[in-house]
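If you're matching them up, the sequences are chains A, B and C in order.
If you count the first sequence from 1, you need to add 85 to reach our numbering.
If you count the second sequence from 1, you need to add 17 to reach our numbering.
If you count the third sequence from 1, you need to add 42 to reach our numbering.
A virtual CB, placed ideally from N, CA and C, is assigned to each residue, including glycine.
Following: one structure in structure tokens, then a few remarks.
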Amino acid sequence: MPEPGWLPLQRADALLATLREAGYRVVGPQVADGIIRYGPLGEAAALPWGVRVEADAGRWRLRRTGEGRAFAWANGPQALKPLLFAPEETLWRTDADGRPAPQAPEAPPPTAVIGVRACDLAALALLDAHFLRPGREDPWYAARRSGLLLVAVHCTHPAATCFCASTGDGPEAREGHDLALWELEEGWLVEAAGAAGERLLAALPLEAPPAGAAERARTEVAAAAAAQTRRLPEGPLQARLFERLDHPRWAQVGERCLACGSCTAVCPTCFCHAAEERPGLDGSSARVRRWSSCFTEGHSYIHGIVLRPDARSRYRQWLTHKLGAWHAQYGRSGCVGCGRCIAWCPAAIDLVEEMEAIVGDA
Amino acid sequence: MATPEPVPGIDLPVPARVAGRVQESPTIVTLRLELEDPARQAAFRFAPGQFNMLHLPGVGEVPISISSDPDHDTFLGHTVRMVGRVTRALARLPVGARLGVRGPFGRGWPLEAARGGDVVVLAGGLGCAPVVGAVRYVLHRRRDYGRLVVMQGVKHAEDLIWRAQYEAWAREPDVQVLLAADVAGGDWPWNVGPVTELLEGARFDRGRCTVLMCGPEPMMIAAARRLEALGVPAAAIHLSMERNMQCALGRCGHCQIGPWFVCRDGPVFRYDRIRPLLGVRGF
Amino acid sequence: MDRREPGAGFSDGAARLRVAVHKFGSCDGCQLAFLNAGPALLALAEAVELVHFLEAGLDDPDARVDVAFVEGSIGTSEEAERIRAVRERARVLVAIGACATTGGVQALRNLADAGGWVARTYPEPDRVHVLPESAPVRAHVAVDLELAGCPVTTRAVTETVASLLRGALPAPRHEKLCLECKRAGLACVMVSRGEPCLGPVTAAGCGALCPGLGRGCYGCFGPSELPEAGALAARLRALGLDAAAVRRRLLAIHAGVPAFQQAALRQVGEEDGDGR
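Structure below.
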């Protein structure tokens with residue numbers, strides 16, 4: 086593997102230029118409407134410079150510090166999921182005679198995403214396992230996934246809601262990316278993983294890193310891990326969860342839960358979607374799928390019966406799947422410790438706290 | 018990474034026509050479908066117990082079990098019970114109407130593994146379509162199987178569809194047909210009571226049989242427990258499960274029961290595997 | 043013919059639907075969903091034969107129709123009688139908008155001494171035949187489909203017509219606004235700004251209009267499925283709203299919804315205790 090190179094912050098735009106020259110459109114995080122959102126990135130100046138995130142259960146705020154860092158924040162509500170698993174898309178159309186016409190998956194231009202965190206890379210591997218199951222690849226997901234290049238940033242400023250260290254998914258980005266940045270006050274230490282990353286690394290106008298940069302960068306990321314106070318109970322929780330389906334805590338959290346599905350929408354691994362028919366007045370029709378949730382009535386509906394009629398059973402379904410059944414389906418827990426479900430729960434329910442109460446004593 | 022295209026018949030429906038329809042009861046219709054592409058129709062392979070997704074343009078798409086014979090019929094049989102918006106519209110389709118088909122999906126009945134032994138079919142309520150294909154399959158390949166026992170329970174005597182069919186089956190050699198109604202009417206020569214009571218009178222080799230069950234979960238749980246008490250191994254009991262299925266490809270997530278996607282790992286499950294979550298409220 | 047089998051007579055898609063649009067206790071805004079359909083209005087006019095629609099100048103309230111769209115709540119004895127006649131003459135009855143589906147803003151009087159108001163306001167109160175409650179259409183006659191909204195959207199109306207042309211009711215939509223808001227990539231205003239929002243108990247369908255403008259949802263589309271109004275009220279209090287403010291939020295547009303009413307009335311006596 087080539088040695089990491091150094092990109093001083095004043096030349097940050099060289100990263101975008103190199104990606105563009107390699108044929109990628111560039112997507113990156115930006116401050117918009119008081120949150121951090123991923124979108125087309127025109128220049129490095131548009132990155133979220135000088136902001137930090139203060140988050141707690143049910144609360145997420147940006148705080149301006151003015152410091153000279155572009156990535157001193159923990160994640161916003163979304164990162165890669167909407168770029169790959171579209172919130173809403175048409176699968177096929179039928180004409181007025183009822184003949185199905187395929188809606189070819191929209192193949193976006195090759196896209197480079199800057200700023201991807203370790204938790205989101207871990208989540209991406211899980212989404213891949215679900216949507217790219219060998220022999221049954223989801224063509225719509227695959228069309229977006231095929232041209233994706235990922236520029237990770239090792240996380241140095243986790244929010245209070247983060248617990249990736251306890252799930253083993255962060256804060257250091259370990260796999261799934263093409264380039265990775267270690268951010269320091271004066272610049273980015275850039276390293277490559279894999280062939281595409283190495284070609285880009287060679288094309289970047291890099292300098293030799295200042296003395297001790299690598300050590301300082303590693304120290305910051307290690308401190309980010311140590312700073313995390315939330316921890317999921319240890320070990321695979323599958324058996325413990327399914328042994329405790331009648332735990333009284335499910336009913337208690339069901340009292341507070343709004344069953345709004347916000348947690349599943351911001352979860353980077355939740356994949357549930359619903360199909361709906363959109364008939365047109367001209368006789369044509371479109372078959373559309375869109376993000377849905379195990380917190381909806383429709384999720385457990387079978388002609389006239391709703392198997393999960395209350396918030397208790399829906400919350401339990403979510404967590405027994407996410408932290409339990411996921412092991413059997415995909416070989417690991419479906420939780421990557423990003424803490425989004427905690428921060429973006431309008432009812433301020435804390436998954437870690439609930440898990441401690443339900444399975445933490447074993 | 019190569020980008021796969023949506024596969025017609027799997028990701029996208031292929032056009033089909035209603036070639037025939039049989040009104041089985043006021044609320045149950047059997048549709049005989051033919052794929053418009055004759056080559057595709059000829060190449061369509063499935064196992065009893067598998068299902069297709071039937072897409073009615075502008076209305077919706079629903080999973081319906083395939084009730085025809087995979088080798089003997091030249092059409093796809095689908096018995097549709099009018100229980101919701103889409104099935105009501107499907108059941109009204111006239112001959113010649115066009116609809117879309119994706120499939121076949123899921124794991125069907127283990128009828129290959131069942132060869133050489135007795136086959137016991139137990140169906141409750143009106144959800145008996147998935148087992149009808151299995152019964153016909155065994156009857157068409159009579160020498161490959163031992164005794165065939167068909168037990169069907171209904172709530173009200175008048176709910177029984179295919180009455181003539183059951184009577185015809187009962188006349189076949191080595192076939193036992195047992196029927197039960199919770200509430201009997203005037204013309205009901207068979208049992209009155211739950212379908213599980215029929216097990217006592219069923220004659221089959223308990224150590225060498227395959228049980229196929231379909232119907233309400235409480236009925237299947239009671240029957241499976243009774244069968245185990247009678248000495249039938251749990252691994253020989255198979256249940257067809259029903260959950261909300263929207264994609265049939267293990268993608269949309271609706272049909273999960275614990276770790277299983279019913280559309281892909283089922284709809285037919287072995288009792289000993291699914292037992293821990295069977296009947297657990299909320300799953 | 044069973045009126046709950048809307049497609050039985052026109053499933054071939056060839057026939058035009060005979061449609062009436064009726065108005066009850068309401069502001070007329072929902073009927074405008076038809077007139078404001080834009081280009082879809084032409085397709086709509088081709089697909090259906092409008093036989094009664096006062097806003098469009100068609101006056102034949104007694105005509106038998108395939109589909110009756112009903113706007114407005116039932117709040118007077120005359121309306122209670124008239125809605126029965128509408129029901130009898132329609133194969134499919136679709137209630138449109140907040141008033142027709144929950145009783146609307148005017149259901150605020152369900153929680154007050156409306157009879158006393160009438161007595162105090164009018165010189166001849168006996169001539170006012172107002173019912174004790176402003177009620178949704180479903181409280182008086184069978185309803186085949188409800189389209190929520192204040193007002194209902196043109197899209198919901200056209201999709202309903204398109205679906206009925208194929209012989210089926212459209213799938214009911216009771217999903218919560220939060221999912222629509224998240225699909226649109228919007229920032230949750232409760233979490234990112236501390237803004238009170240009724241999104242978690244409100245049906246989707248508006249396209250998350252208010253959160254898209256940085257404001258909390260006011261609940262125009264009425265209750266979603268499983269509206270956990272009590273849990274939401276507790277959270278709004280935790281965000282700093284007093285009991286009266288929580289009550290006003292929950293009752294402003296849909297005072298007739300039992301789940302909202304219960305959660306709102308539970309706020310009485312806490313802290314300010316001023317009732318309404």
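{"Item": "Do we get a CB-CB distance below 8 angstroms when we pair residue 387 (chain A) with the residues of chain B?", "Value": "yes"}
{"Item": "Please report the Cβ distance between residue 159 (chain A) and residue 140 (chain A), rounded to the nearest whole angstrom; I am assuming they are in contact, meaning their Cβ atoms lie under 8 angstroms.", "Value": "7 angstroms"}
{"Item": "Determine, using beta carbons only, whether residue 351 (chain A) and residue 163 (chain A) come nearer to each other than 8 angstroms.", "Value": "yes"}
{"Item": "Distance, Cα to Cα, residue 254 (chain A) vs residue 165 (chain A)?", "Value": "16 angstroms"}
{"Item": "Rounding to the nearest angstrom, what Cα-Cα distance links residue 37 (chain B) and residue 109 (chain B) in this structure?", "Value": "12 angstroms"}
{"Item": "Is the separation between the beta-carbon of residue 240 (chain B) and that of residue 230 (chain B) shorter than 8 angstroms?", "Value": "yes"}
{"Item": "Is the CB-CB distance between residue 140 (chain C) and residue 191 (chain C) below 8 angstroms?", "Value": "yes"}
{"Item": "Where does the unbroken alpha helix (DSSP H) through residue 157 (chain B) begin, and where does it stop?", "Value": "146-157"}
{"Item": "Tell me which residue opens and which closes the beta strand (DSSP E) that residue 254 (chain B) is part of.", "Value": "254-257"}
{"Item": "From which residue to which residue does the alpha helix (DSSP H) around residue 230 (chain A) run?", "Value": "224-230"}
{"Item": "Excluding the 5 residues preceding and the 5 following residue 259 (chain C) in the sequence, name in chain order all residues of the same chain whose CB lies nearer than 6 angstroms to its CB.", "Value": "219, 239, 240, 241, 244 and 252"}
{"Item": "I'd like to confirm the pairing. Which residues does DSSP put opposite residue 174 (chain A) in its beta bridges?", "Value": "A:374"}
{"Item": "Is it the case that the Cβ atoms of residue 146 (chain C) and residue 115 (chain C) are separated by a distance below 8 angstroms?", "Value": "yes"}
{"Item": "Given a limit of 9 angstroms on CB to CB distance, which residues of the stretch 192-215 of chain C reach chain B?", "Value": "204, 205, 207, 208, 209, 210, 211, 212, 213 and 214"}
{"Item": "Using a Cβ cut-off of 8 angstroms (strictly closer), state whether residue 343 (chain A) contacts chain C.", "Value": "yes"}
{"Item": "Take the Cβ of residue 166 (chain B) as the centre, count every other Cβ of all protein chains shown within 10 Å, and call the residue buried at 16 or more, exposed below.", "Value": "buried"}
{"Item": "Thinking C-alpha only, which one of A:376, A:235, A:224 and A:399 is nearest residue 275 (chain B)?", "Value": "A:399"}
{"Item": "Please specify which runs of the alpha helix (DSSP H), each continuous and at least 4 residues long, are wholly inside the stretch 179-216 of chain B, giving them in chain order.", "Value": "180-187"}
{"Item": "Is it buried or exposed, residue 126 (chain C), if we count other Cβ atoms within 10 angstroms and call 16 or more buried?", "Value": "exposed"}
{"Item": "Closer than 8 angstroms, Cβ to Cβ, to anything on chain B: give me those residues from the stretch 201-226 of chain A, in chain order.", "Value": "215, 216, 218, 221, 222, 223, 224 and 225"}
{"Item": "What is the DSSP secondary structure of residue 148 (chain C), reduced to helix, strand or coil?", "Value": "helix"}
{"Item": "What do you get for residue 28 (chain B), buried or exposed, if any count of 16 or more other CB atoms within 10 angstroms of its CB means buried?", "Value": "buried"}
{"Item": "Compare the C-alpha of residue 231 (chain C) against each of A:259, A:377 and A:120 and name the closest.", "Value": "A:120"}
{"Item": "By DSSP's criteria, residue 69 (chain C) is part of a beta bridge. Which residues make up the other side?", "Value": "Residue 69 (chain C) pairs with nothing; no bridge assigned."}
{"Item": "Going by the beta-carbon positions, is the gap between residue 258 (chain B) and residue 286 (chain B) smaller than 8 angstroms?", "Value": "yes"}
{"Item": "What is the DSSP secondary structure of residue 429 (chain A), counted as helix, strand or coil?", "Value": "coil"}
{"Item": "Can you tell me whether residue 95 (chain C) is helix, strand or coil according to DSSP?", "Value": "strand"}
{"Item": "Pick helix, strand or coil for residue 263 (chain C), following the three-state DSSP scheme.", "Value": "coil"}
{"Item": "Where does residue 113 (chain A) land, buried or exposed, given buried means 16+ other C-beta within 10 angstroms?", "Value": "buried"}
{"Item": "Check residue 183 (chain C) in the structure and name its three-state DSSP category.", "Value": "coil"}
{"Item": "Taking residue 177 (chain B) as the reference, give the member of B:209, B:236 and B:142 with the closest Cα.", "Value": "B:142"}
{"Item": "Going along chain A in order, which residues have a C-beta closer than 9 angstroms to the C-beta of residue 260 (chain B)?", "Value": "385, 387 and 392"}
{"Item": "When DSSP labels each residue in this structure, what does residue 155 (chain A) get in the three-state scheme?", "Value": "coil"}
{"Item": "Express the C-alpha separation of residue 213 (chain A) and residue 125 (chain A) in angstroms, rounding to a whole number.", "Value": "23 angstroms"}
{"Item": "Interface residues of chain A around residue 54 (chain B) at Cβ under 8 angstroms?", "Value": "In chain order: nothing, as chain A lies at least about 12 angstroms away."}
{"Item": "Which residue from A:189, A:151, A:279 and A:377 puts its Cα closest to that of residue 167 (chain A)?", "Value": "A:377"}
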